[in-house]
Every structure is written in structure tokens, then in C-alpha cells.
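Engineer: My questions will all concern the structure given below.
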Amino acid sequence: MNCRVCLTPTRPVLDLGRMPLANAFLTAEQFEHEFHYLLGVARCPRCGMVQLVDSVDPRRIFHANYPYFSSTSKGMIRHFGNFARETLSDARAAAADPFVVEIGSNDGIMLRHFVEAGIRCLGIEPSSNVAAVARTHNVPTLEAFFDAETANFIRSEHGPAHALLGANVVCHIPDIHETFKAARILLAREGVFRFEDPYLGDIVRQSAVDQIYDEHVFYFSIGSIAYMAAAHGLELIDAEPQAVHGGSMRYTLVPAGSRMPTARLQALMQREASLGLNDESTYARFRSQIEEIRRDLVGVLHKLRRGGARVVGFGATAKSATLLNYCQIGPDLVEFISDSTPAKQHKFSPGMHIPVKPFAAFTERFPDCALLLAWNHAEEIIAANANFIANGGRWIHYVPVVRVV
Ligand code: SAH
Ligand code: TMP
Ligand code: ZN
65 MNCRVCLTPT
75 RPVLDLGRMP
85 LANAFLTAEQ
95 FEHEFHYLLG
105 VARCPRCGMV
115 QLVDSVDPRR
125 IFHANYPYFS
135 STSKGMIRHF
145 GNFARETLSD
155 ARAAAADPFV
165 VEIGSNDGIM
175 LRHFVEAGIR
185 CLGIEPSSNV
195 AAVARTHNVP
205 TLEAFFDAET
215 ANFIRSEHGP
225 AHALLGANVV
235 CHIPDIHETF
245 KAARILLARE
255 GVFRFEDPYL
265 GDIVRQSAVD
275 QIYDEHVFYF
285 SIGSIAYMAA
295 AHGLELIDAE
305 PQAVHGGSMR
315 YTLVPAGSRM
325 PTARLQALMQ
335 REASLGLNDE
345 STYARFRSQI
355 EEIRRDLVGV
365 LHKLRRGGAR
375 VVGFGATAKS
385 ATLLNYCQIG
395 PDLVEFISDS
405 TPAKQHKFSP
415 GMHIPVKPFA
425 AFTERFPDCA
435 LLLAWNHAEE
445 IIAANANFIA
455 NGGRWIHYVP
465 VVRVV
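Count along the sequence shown from 1, add 64, and you get the number used in our numbering.
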């Protein structure tokens, strides 16, 4: 395939074969007609962008029954409160009556802070069910996919944006040139485009194969974002590592030449250069490490089952679809998955069809072991479930290596 960014022929990174959509939790009646696609990753030797080989039509993924609600984790609520506060001062410095827009605003987890502060804001959110929750928090929300047409419409209705924000969404949009073009259209001259996504360096470092799924079309690095910015009259002036979602990077872009890049950006670029993100050997190592994870995890689960132990999954994450299907882990090895999201409960996991049950099913009768599928929320989950450990339970981790503790 050719790179979506610069059209150069790409190099294959990984081929994970046929996969279901990561957030397509389903009922038993739907098993027969389950949708699958081919999941493969490639990297561009020219611009450095790591990307899916084939992407799925976004309308198949983001719709009225999108089951991911951002506010299900206390840690994420805190994280987006901080993100909002940090941006608030930037927006206020840019204009007397600043306007803030968020792409993929979901249930309003971030924008509600701007609403509370009395700042004009607008969320752009195509999944109508999560957008409806945002509106209950008084977050003005436009039900649309962010593109040049949407950007022009918003600019004509509200004026330019002094802050354009996005979290875990820019990497979801297959037409990345359209996204950046739209950002340039909407952004005020003094504005900032600030977004964060899982960081390629962390994915490779931790062998986090489960970060790869249909919604993650791109696996960004500082280098690939700097390239994208330059192609659209923007400039990357800052980057900030974030601990969330297993390691993310927050990028700040401005209209080219409007602000000086930070010293932090320089330092992070130097660090990135040492990670080997453009070397084939890095991905050869990644492939052998994820195979080791699969071998070890399947081995541990079979051993536990032979010993009569009960194992359940914790957190029916989108990521877990890749892990479970890649390892072919089904209900014979993992009895059910506990998840606090009503939209996922009483359904089955994509592909492997493990039942998803409410948290009460976990606490009513603790299993012997719990596979921590929501490993990005490990600290929060382990702390909140100290009684599971107190009852002799053990957590099974699989990133960066398989461990039972
Ligand atoms: N920002 C939230 C939600 C991330 S999930 C968080 O970090 O928790 C990605 C969200 O982006 C979904 O709610 C999805 O509906 C939305 N989305 C997907 N494609 C989009 C697009 N082209 N424009 C705007 N939002 C989009
Ligand atoms: P995420 O990794 O994409 O944020 O998804 C986390 C999933 O885990 C989501 O479906 C909510 C669920 N979850 C729980 O069930 N219990 C918890 O304590 C936490 C933090 C998340
Ligand atoms: Zn390229």
C-alpha cells in the first residue's frame, strides 16, 4: 500500500489477519453476521507514519450505538480536567471572548470544564448516543464528522477557534489530510491545535499489540506529526508525554511561525531519534515480543484451567478485542469479562464471544485470577479492588510481559 500521508510505498510491520470491530459488542443473534476486516499495519519509510493497511468506513464504527463513554474512569475524568485547565489559560490569552472546539468530544468529559468556566465552546461528535450525554451536561455538541466542510460551517457560525482540541480522535480519522486542512480552516491566527493520542514509542517499547485495532488508523510519533503540520501551514511547537492509555503524547500545533517551539520539544525529538522508530529491526523485535506474549499468556491460561482455577477478564476494552482474537482466547479460558459500561453488559465480546457482565458479577464471587484487559487503568483498578487481592485473587498482566501477581 502507499502511505496515506505522502503516497510513498510503505513497508509491512504486522499482519494480524481477520478481526472483528473492536467496539462491536454483540448479541448471540448477531454472531452469524459478524463483520470482519483485515488488520494489518505498515510504516512509511519517507514520512515515518505508521498506519493501518486497510481502514474501515468510520460510519460503521461511530454511530448511535457507540459503546465507549469516556467518563467511565475516574483517572480519565481527572486527566481531562487538567487538560482543560491548562488550555483555559491559553484560550484566555488568545482572545477576550475565546472559542474552544473539541473534536471527538464524546460524553463531554473535557468540554464541561469550559462550560463551567463560561467559555464559548462546541463539541464535534458523530456518535449520537454519547453526544446526547454531553448535552445533558450542557455541552453544546454538533453531531458530525470533523472535516473541511464542518470546519467551514463552524467558522461561519461561531468565528475561528482559539483552541482546537482532540484526545484519542485525530488518530481515528482515516483522511488525515482532511483533518489537518479542516484544523487550519478553523484555527484563529493566535489559536492552538492541541491533541493527544497513543504514542508509537510507547506501543513499541511495551509490545502493546492490543493498541492496534480498527479505530487506531495511525500510530503517531513526534516526527510524523511534525511532517503533517508542515504540510498544512502549521508548526509543531510542543509535545508532552502523558501517562494515560498506556502512554500518549500531547502535541501543540500553531499556524506556522506564530510561536517559538519549546526546549522540551527539542529534547523529546532527540529522545525519539534514539528509539529506532524508522528501523526495520525495531519492528522485527516488536513482532517477536508480541508472539512471546501470546505464547506465555495462552500457556498461563491453559495451566490455570487445568488446575481448575476460575479466570475472568477485567474491562471489556476495545484493545481487548485485538488481544483476545490474536491469542484466540474464548469463554473456555476466560469465563466472562467484567465491565461497568451498561452498553457493553449482557452482550458478547467481538470475535471470541466472551460474555460481558456487570462489575457485580466480579465481586459476588471473586475468581481466582483476573486478566487485566484495561491495563491502561491498572493503578485505578487495582487500588479500587484491594478486596479481590485480600481474598486471594491474582491479577494477570500481559504488558509489557505476562505476569501473574
Ligand atoms: N475524546 C474522548 C473520546 C475518544 S473516543 C476521550 O479521549 O475519551 C473517539 C471519539 O471520537 C468517539 O466518541 C467518536 O465518535 C469520535 N469521532 C470519531 N471520528 C470522528 C470525527 N471524524 N470527527 C469527530 N469525532 C469523531
Ligand atoms: P479504555 O481502556 O478504552 O478507557 O476502556 C476501559 C473499559 O474498562 C471501559 O469499558 C470501562 C471499563 N472499566 C471498568 O469496567 N471498571 C473500571 O474500574 C475502569 C477504570 C474501567
Ligand atoms: Zn509517508
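Quick reminder that beta carbons are idealized off the backbone N, C-alpha and C, glycines included. Note that the structure is a prediction, hence the values are computed from the model and not measured.
Closer than 7 Å: is that where the CB of residue 443 sits relative to any heavy atom of the ligand SAH?
Structural biologist: Checking every heavy atom of the ligand SAH against the Cβ of residue 443, none is found closer than 7 Å.
Engineer: State buried or exposed for residue 91, treating a residue as buried only when at least 16 other CB atoms are found within 10 Å of its CB.
Structural biologist: Counting Cβ neighbours within 10 Å, residue 91 comes out exposed, since fewer than 16 surround it.
Engineer: Any idea what DSSP makes of residue 263, helix, strand or coil?
Structural biologist: Three-state result, residue 263: strand.
Engineer: Would you kindly check if the distance between the Cβ of residue 357 and the Cβ of residue 291 is under 8 Å?
Structural biologist: Contact flag unset, no.
Engineer: Rounded to whole angstroms, how far is the Cβ of residue 440 from the Cβ of residue 310, which I believe are closer than 8 Å?
Structural biologist: Yes, they are in contact, since the Cβ atoms of residue 440 and residue 310 sit about 4 Å apart, within 8 Å.
Engineer: In whole angstroms, what is the alpha-carbon distance linking residue 123 and residue 95?
Structural biologist: If I take the Cα positions, the gap works out to 20 Å.
Engineer: Output the distance between the C-alpha atoms of residue 205 and residue 183, rounded to the nearest integer angstrom.
Structural biologist: The straight-line gap from Cα to Cα measures roughly 14 Å.
Engineer: Leaving out the 5 sequence neighbours to the left and right, which residues in its chain are closer than 7 Å to residue 194 when beta-carbon positions are compared?
Structural biologist: Taken in chain order, the residues that qualify are 130, 133, 170 and 171.
Engineer: Please work out which residues of its chain come closer than 7 Å, Cβ to Cβ, to residue 143, disregarding the five sequence neighbours upstream and downstream, and give them in chain order.
Structural biologist: Here the set comprises 308.
Engineer: Under 8 Å between the Cβ atoms of residue 211 and residue 246?
Structural biologist: Yes, the pair counts as a contact, with Cβ atoms nearer than the cut-off.
Engineer: Quick one: complete alpha helix (DSSP H) runs, 4+ long, within the segment 307 to 366?
Structural biologist: Whole alpha helix (DSSP H) segments, 4+ residues: 327 to 337.
Engineer: Which of the three DSSP states is assigned to residue 245 in this structure?
Structural biologist: Residue state, collapsed to three classes: helix.
Engineer: For residue 114, which of 221, 106 and 120 has the nearest alpha-carbon?
Structural biologist: It is 106 whose Cα lies nearest to the Cα of residue 114.
Engineer: Identify whether residue 390 lies in helix, strand or coil by the three-state DSSP scheme.
Structural biologist: Residue 390: helix per DSSP, three-state reduction.
Engineer: Take residue 234 as the anchor and find which of 269, 293 and 135 has the nearest alpha-carbon.
Structural biologist: Looking at the Cα atoms, 293 is the closest of the given residues.
Engineer: Do three or more CB pairs link the segment 388 to 398 to the segment 442 to 453 at distances below 8 Å?
Structural biologist: With the cut-off at 8 Å, the segment 388 to 398 and the segment 442 to 453 do not touch.
Engineer: Any chance you could list the residues with Cβ under 6 Å from a heavy atom of the ligand ZN, keeping chain order?
Structural biologist: The answer, residue by residue, is 67, 69, 70, 72, 108, 110, 111 and 113.
Engineer: Going by the beta-carbon positions, is the gap between residue 186 and residue 224 smaller than 8 Å?
Structural biologist: Going by C-beta atoms, residue 186 is not nearer than 8 Å to residue 224.
Engineer: When DSSP builds the beta bridges, which residues end up paired with residue 257?
Structural biologist: Answer by DSSP bridge pairing, in chain order: 228 and 317.
Engineer: Taking 7 Å as the line, does the beta carbon of residue 404 fall inside it for any heavy atom of the ligand SAH?
Structural biologist: No, since every heavy atom of the ligand SAH falls outside the 7 Å radius drawn around the Cβ of residue 404.
Engineer: How many angstroms separate the CA atom of residue 364 from the CA atom of residue 386?
Structural biologist: Between residue 364 and residue 386, the C-alpha separation is close to 18 Å.
Engineer: Under 8 Å, with one C-beta from each stretch per pair, do the segment 297 to 307 and the segment 317 to 331 reach the 3-pair mark?
Structural biologist: A contact exists between the segment 297 to 307 and the segment 317 to 331.
Engineer: Do residue 350 and residue 298 come within 8 Å of each other at the CB atom, strictly closer than that value?
Structural biologist: No.
Engineer: Got a sec: does the ligand SAH put a non-hydrogen atom nearer than 7 Å to the Cβ of residue 168?
Structural biologist: Indeed, a heavy atom of the ligand SAH lies less than 7 Å from the Cβ.
Engineer: Give a single yes or no on whether residue 384 has its beta carbon closer than 7 Å to a heavy atom of the ligand SAH.
Structural biologist: Flag unset: Cβ of residue 384 not near the ligand SAH.
Engineer: Report the CB separation of residue 377 from residue 384 in whole angstroms; it is logged as a contact under 8 Å.
Structural biologist: Correct: roughly 7 Å between the Cβ atoms.
Engineer: On the criterion of 16 or more Cβ atoms from any shown chain inside 10 Å, does residue 68 qualify as buried, or is it exposed?
Structural biologist: Answer is buried; the Cβ neighbour count reaches 16.
Engineer: What beta strand (DSSP E) runs, 3 residues minimum, are completely inside the segment 81 to 164?
Structural biologist: If we require 3 residues or more, the beta strand (DSSP E) runs fully inside the segment 81 to 164 come out as 100 to 107 and 114 to 116.
Engineer: Using a threshold of 7 Å, is the CB atom of residue 240 nearer than that to any non-hydrogen atom of the ligand SAH?
Structural biologist: No, the ligand SAH has no heavy atom inside 7 Å of this Cβ.
Engineer: Apart from the five residues just before and just after residue 426, which ones in its own chain have a Cβ nearer than 6 Å to its Cβ?
Structural biologist: Result list for residue 426: 402, in chain order.
Engineer: In three-state DSSP terms, what is residue 402?
Structural biologist: Residue state, collapsed to three classes: strand.
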